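Undergrad: Dropping a structure here in structure tokens format, bear with me for questions.
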Amino acid sequence: MPDAMLVMLVAVIVAALAFDYINGFHDTANAIATCVSTRALTVRSAIFMAAGLNFLGAMISTKVAATIGKGIVDANNITQMVVLAGVLGAIVWNLITWYYGLPSSSSHAIIGGLAGSVVAHAGMSALHWAGLKKIVTVLLVSPVVGAFFGFLFMVIMMWTFRNKAPYTLNKVFRKLQILSAAVMAFSHGTADAQKSMGVITMALVSYGTLDTFEVPTWVKVACAVAMALGTAAGGWRIIKTVGHDFVKLQPVHGFCVETASAGVILGASAMGLPTSTTHVITSSILGVGLSKRMSAVNWMVAYRIVGAWIITIPASAGVGFLSYTVLSPFLGR
2 MPDAMLVMLV
12 AVIVAALAFD
22 YINGFHDTAN
32 AIATCVSTRA
42 LTVRSAIFMA
52 AGLNFLGAMI
62 STKVAATIGK
72 GIVDANNITQ
82 MVVLAGVLGA
92 IVWNLITWYY
102 GLPSSSSHAI
112 IGGLAGSVVA
122 HAGMSALHWA
132 GLKKIVTVLL
142 VSPVVGAFFG
152 FLFMVIMMWT
162 FRNKAPYTLN
172 KVFRKLQILS
182 AAVMAFSHGT
192 ADAQKSMGVI
202 TMALVSYGTL
212 DTFEVPTWVK
222 VACAVAMALG
232 TAAGGWRIIK
242 TVGHDFVKLQ
252 PVHGFCVETA
262 SAGVILGASA
272 MGLPTSTTHV
282 ITSSILGVGL
292 SKRMSAVNWM
302 VAYRIVGAWI
312 ITIPASAGVG
322 FLSYTVLSPF
332 LGR
């Protein structure tokens, strides 16, 4: 009979990689929705470009993984069951929002799922309130920064190229947008794949395989591959919401959106701060839309997106709490 703790560890690793895969197709839209909607790239080309650059970005750093692994819950209250239930909470919420085409945050989902499961295990005192405050503050501030820079970049472009014919301008920026989309895909890998790296490393420390929180190379590669495969699977429902329904975009708009978003995400990742790529790019699209006029934004879609933002952490926390409550009597605490 295999060791029960080992079986739980394997279950956590499989669930974390499944979350990474789902994150890949759920958040594909973050990197490529704008270049698809402006026809800078075909859906197929954009998805495969994003998959490759997601993989490269995921291999660069582990600072965000450390924040996720050590900043949410007290290490003394981390068990395999806590981690497994937390990841399941995130997976369920991601699938629900993907089904309805809502660009919700996978970052919020994993944070909420882990918080809910550890509260079910050990109560509110098991949460790292200082770490959670830091993480949530960044997650709230980064969309504002994304909207500001999206608006600013668009105003600068409008002023700089005000005398250029729209056809010529769009022809140039359709090519430049491929580069900005590539940088956005790379930044997505630096931010989002690290969440699963943090979860798996947390489980390895809990099991005793690791003495300190340091992400092994095989974990980096496994998470990078899982996200790249998920990205290659695509996520057309959310691509349509972000790239077509929210704000009508031309290549110059897409370039500004992707450049602003990538700058915010790469800056935060360099500091080990987990941003929501979903929030940053959708807020950048909002900023670009507002630079045109208020009516350029589909406010009904905007309200749906904001609604998903607001409820993601409590909803995924609720699923994480429920998962722990239901599974722990059968699988252990």
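In this note's numbering, the protein residues as written are 2 to 334. We put the beta carbon where it would ideally sit given N, CA and C, even for glycine. Computed from a prediction, not measured in an experiment: that's the story for all the values here.
How would you write the range of the alpha helix (DSSP H) that Arg40 sits in, first residue to last?
TA: Element bounds for Arg40: n/a, residue is neither H nor E.
Undergrad: Could you check where the alpha helix (DSSP H) with Glu215 kicks off and where it finishes?
TA: Unbroken run through Glu215: none, as it is neither H nor E.
Undergrad: Taking DSSP as the reference, what is the three-state secondary structure of Leu103?
TA: Correct three-state label for Leu103: coil.
Undergrad: Can you tell me which residues form a DSSP beta bridge with Leu128?
TA: Paired residues: Val74.
Undergrad: Is Ala58 helix, strand or coil when you go by DSSP?
TA: Strictly speaking, residue 58 in this sequence is Gly, with Ala absent from that position. Note: Gly58 maps to helix in three-state DSSP.
Undergrad: On the DSSP letters alone, give me the boundaries of the alpha helix (DSSP H) that Thr283 sits inside.
TA: It spans Thr278 to Lys293 - the alpha helix (DSSP H) in which Thr283 sits, taken as one unbroken run.
Undergrad: Measure the C-alpha to C-alpha separation of Thr260 and Met185 and round it to an integer number of angstroms.
TA: About 7 Å.
Undergrad: Indicate the three-state DSSP secondary structure (helix, strand or coil) for Met272 in the structure shown.
TA: Met272: coil per DSSP, three-state reduction.
Undergrad: Comparing C-alpha positions only, which one of Met295, Gly199, Ser270 and Asp75 sits nearest to Phe20?
TA: Residue Gly199 is the option with its Cα nearest to Phe20.
Undergrad: Can you give me the Cβ contacts of Ala66 inside the same chain, cut-off strictly under 6 Å, excluding the 5 residues immediately before and after it?
TA: The answer, listed in chain order, is Gln195, Met198, Gly199 and Val216.
Undergrad: Assuming contact is defined by CB atoms lying nearer than 7 Å, are Val258 and Gly117 in contact in what I supplied?
TA: Their beta carbons are not under 7 Å apart, which means Val258 does not touch Gly117 by this criterion.
Undergrad: Would you kindly work out how many angstroms separate the C-alpha atoms of Gly273 and Gly72, rounded to a whole number?
TA: Approximately 11 Å between the Cα atoms of the pair.
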